[in-house]
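Listed in order, the protein sequences are those of chains V and R.
Plus 144 on top of the position in the first sequence (first one is 1) and you've got our numbering.
Plus 6 on top of the position in the second sequence (first one is 1) and you've got our numbering.
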Amino acid sequence: MAVNTDVIGKTFPGATYAVGREKIREYAKVVGESNPLHFDVDSARAAGYDDVVAPPMFAVVYSLAAVWPVLFDEEIGIDFARMVHGGQEFAWGPLVVAGDEITTTVSVKDVYERAGNGFFLFETVSRNGRDEAVSTGLWTNIVRAA
Amino acid sequence: MQVGDEIEPLRVIPDKYLTVRYAGASGDFNPIHIDEEFARDVGLPGKILHGLYTMAQVARAHTDAGGGPHSLKRLSVQFRGMGVPESELTVTGTVSDVRDDGITVVDCGCEQDGKRIIRAGEAHLRP
């Protein structure tokens with residue numbers, strides 16, 4: 145497939161996600177967490193956090209609102225029906241807790257074609273209200289050859 | 007932890023409706039994860055697990071090993087093949103380096119039915 149390399153470096157406006165206590169509990173339960181830091185406010189406060197703590201992979205929840213528009217961006221031109229998630233990387237800073245507002249920006253890190261497949265690499269940077277980077281993500285999506 | 011040590015393996019069987027709950031929790035409602043008929047129509051064996059759910063199991067094995075959510079500094083994985091509900095996932099990891107800055111590097115992956123559905127995983131744990 146032909147890929148449009150002109151989009152490398154393209155950035156998208158940030159999306160802000162308000163982290164709720166019940167959302168953290170819901171996510172933590174679904175992925176099988178049992179650490180009370182994710183469920184119990186008193187345990188979290190006793191450990192020095194302001195509220196229940198999001199598991200690191202909760203980064204998916206607050207980042208996705210920013211990533212979706214990129215997957216459907218016409219200039220990038222991903223054929224969503226042929227897309228598979230090839231790889232994922234996150235690096236984490238301070239932990240996210242309930243009550244945080246996280247703003248995520250996305251940029252196109254790289255676009256290339258290999259063996260007929262299109263590779264699309266997106267970088268997300270997520271910051272809390274104190275402007276600390278709580279996570280950076282590298283999302284590799286592969287669009288399989290038609 | 008020392009080079010060559012293995013983290014405690016994590017085993018979990020995602021139930022039949024796990025993908026629906028994960029879709030709700032994460033916001034990823036791609037029908038290949040929640041609609042059996044749709045998944046078959048696009049050539050899949052049936053509903054498949056979200057790769058990021060499986061990655062969350064890899065993350066959980068490491069936060070358990072590292073003593074809490076603060077311990078995970080970095081995790082990178084490659085997704086291969088597809089995970090399916092109602093079959094056991096096994097996450098394993100082996101310490102490959104303990105760096106001078108105190109970071110423990112773990113080579114990790116996740117297997118299901120003898121297939122490595124997450125490979126080339128690398129986790130960095132804070133002391």
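Ideal Cβ placement from N, Cα and C applies to all residues, glycine included.
For LYS167 (chain V), count the other beta carbons within 10 Å of its own beta carbon; 16 or more makes it buried, fewer makes it exposed. Which is it?
buried
Exercise for review: Taking only the alpha-carbon atoms, compute the straight-line gap between ALA126 (chain R) and GLN8 (chain R) and give it to the nearest angstrom.
Suggested key: Computed Cα separation, rounded: 20 Å.
Look at ALA207 (chain R) and THR98 (chain R) and say whether their C-beta atoms are less than 9 Å apart. A query on residue 207 (chain R) cannot be resolved here, the shown segment of chain R reaching from 7 to 133 and no further.
Requested in this report: Enumerate in chain order the residues of its own chain whose CB-to-CB distance from SER93 (chain R) is below 6 Å, with the five nearest sequence positions on each side excluded.
Outcome: Hits under 6 Å: GLN118 and ASP119.
query: Looking only at C-alpha atoms, which of R:PHE35, R:HIS130, R:HIS39 and R:PRO20 sits nearest to TRP212 (chain V)?
result: R:PHE35
- Within 10 angstroms of its Cβ, does PRO20 (chain R) collect 16 or more other Cβ (buried), or is it exposed? buried
Exercise for the section: Report the rounded CA-to-CA distance for LYS253 (chain V) versus LEU265 (chain V), giving the unit in angstroms. Expected result: 5 Å
- Specify, as a first and last residue, the run of the beta strand (DSSP E) that ARG271 (chain V) falls within. Its beta strand (DSSP E) spans residues 261-271.
TODO: Note the first and the last residue of the continuous alpha helix (DSSP H) segment covering ASP41 (chain R).
DONE: Segment: none, ASP41 (chain R) is in no alpha helix (DSSP H) and carries neither H nor E.
Given a cut-off of 9 Å, decide if GLY30 (chain R) and GLU170 (chain V) are closer than it, judged by their beta-carbon atoms.
yes
- Task: Could you give the DSSP three-state label for GLY127 (chain R): helix, strand or coil?
- Result: strand
key: Residues near ALA277 (chain V) by beta carbon distance below 8 Å, same chain, minus five either side   = GLY237, VAL269, SER270 and ARG271
message = Strictly by DSSP, which residues pair up with SER178 (chain V)?
response = DSSP output for SER178 (chain V) lists no bridge partner at all.
> So which residues of chain V does HIS76 (chain R) contact, with C-beta pairs closer than 7 Å?
Replying inline: LEU239
Checklist line | Spatial distance of ASP195 (chain V) from ASP275 (chain V) (CA atoms) | finding: 19 Å
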